[in-house]
Amino acid sequence: GAVVSQHPSWVICKSGTSVKIECRSLDFQATTMFWYRQFPKQSLMLMATSNEGSKATYEQGVEKDKFLINHASLTLSTLTVTSAHPEDSSFYICSASAGQADTQYFGPGTRLTVL
Amino acid sequence: KQEVTQIPAALSVPEGENLVLNCSFTDSAIYNLQWFRQDPGKGLTSLLLIQSSQREQTSGRLNASLDKSSGRSTLYIAASQPGDSATYLCAVPTQYNFNKFYFGSGTKLNVKP
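Which chain is which? The protein sequence lines are A and B, in order. First residue of the first sequence: 1, per my numbering; consecutive thereafter. First residue of the second sequence: 1001, per my numbering; consecutive thereafter.
Encoded structure:
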């Protein structure tokens, strides 16, 4: 089956620093990748959709300058949380799809804790 | 805006019981509906996907039904086992943007040995 990995699985950083999270499709080419955020005991909220080689589309209320998304290749997308603050602490999950109407495969998630 | 609700929020049952998890959605114009499993601190595992034209899907001890007109889906788990303990999420992409998932807040299931 299709496998999506994320790195790191968890990260702790100081307030004001930037953190980069990687999402990789290991055995298929992902033309579209999605980034979700999940707060404790809440559901997943879609943050943005990225298509390889083009700018990401952000959901309403998500700051694009705060959450920088790059999808430079068909197997890698990165999410950079810039100038992180404690309220950015969350579980970030990516998913990848081989095409617009194809199944999304989810990564294992990255736990971000900002001190 | 699509709203997805799952009831109950938590469920604790003894091993061997059959159980039903409920999911409701406000906009019936859906492309499909998926049920996922999420283990603590982990990502999502897709369990079942029901296309909008289907009424149900089965995989092993799992059976999911879909009543699009009433905005409801149920996940039936037969002969529950401790290994079924996890949070179960339902998600619907809209018909207008099938890449955009709306997730329910999940049902946390605990199956006691």
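By construction, the Cβ of each residue, glycine as well, lies at the ideal position given by its N, Cα and C atoms.
Could you tell me how far apart the beta carbons of residue i and residue j are, in whole angstroms, since I believe they sit closer than 8 angstroms?
{"i": "Thr110 (chain A)", "j": "Gln6 (chain A)", "result": "5 angstroms"}
{"i": "Arg24 (chain A)", "j": "Thr75 (chain A)", "result": "6 angstroms"}
{"i": "Thr80 (chain A)", "j": "Leu68 (chain A)", "result": "4 angstroms"}
Where does residue i sit, in a helix, a strand or coil, going by DSSP?
{"i": "Pro1040 (chain B)", "result": "coil"}
{"i": "Glu1056 (chain B)", "result": "strand"}
{"i": "Pro40 (chain A)", "result": "coil"}
{"i": "Pro1008 (chain B)", "result": "coil"}
{"i": "Asp1067 (chain B)", "result": "strand"}
{"i": "Pro1014 (chain B)", "result": "strand"}
{"i": "Glu59 (chain A)", "result": "coil"}
{"i": "Pro1082 (chain B)", "result": "helix"}
Please say whether residue j and residue i have beta carbons closer to each other than 7 angstroms?
{"i": "Leu115 (chain A)", "j": "Lys14 (chain A)", "result": "yes"}
{"i": "Tyr1088 (chain B)", "j": "Leu1021 (chain B)", "result": "yes"}
{"i": "Ala56 (chain A)", "j": "Phe28 (chain A)", "result": "no"}
{"i": "Ser97 (chain A)", "j": "Thr32 (chain A)", "result": "yes"}
{"i": "Val1013 (chain B)", "j": "Val1092 (chain B)", "result": "no"}
{"i": "Ser1048 (chain B)", "j": "Gln1054 (chain B)", "result": "Per the sequence presented here, residue 1048 (chain B) reads as Leu, with Ser not at that position. No, they are not a contact pair."}
{"i": "Phe106 (chain A)", "j": "Leu1044 (chain B)", "result": "yes"}
{"i": "Lys1042 (chain B)", "j": "Pro86 (chain A)", "result": "no"}
Compute every distance between the C-beta of residue i and the non-hydrogen atoms of the ligand HEM, then say whether any falls below 6 angstroms.
{"i": "Tyr1088 (chain B)", "result": "In terms of ligand content, the structure shown is empty, and the ligand HEM therefore cannot be addressed."}
Who are the Cβ neighbours of residue i in its own chain at under 7 angstroms, not counting the five residues just before and after it?
{"i": "Ala1086 (chain B)", "result": "Arg1037, Gln1038, Asp1039, Leu1109"}
{"i": "Glu1017 (chain B)", "result": "Ser1080"}
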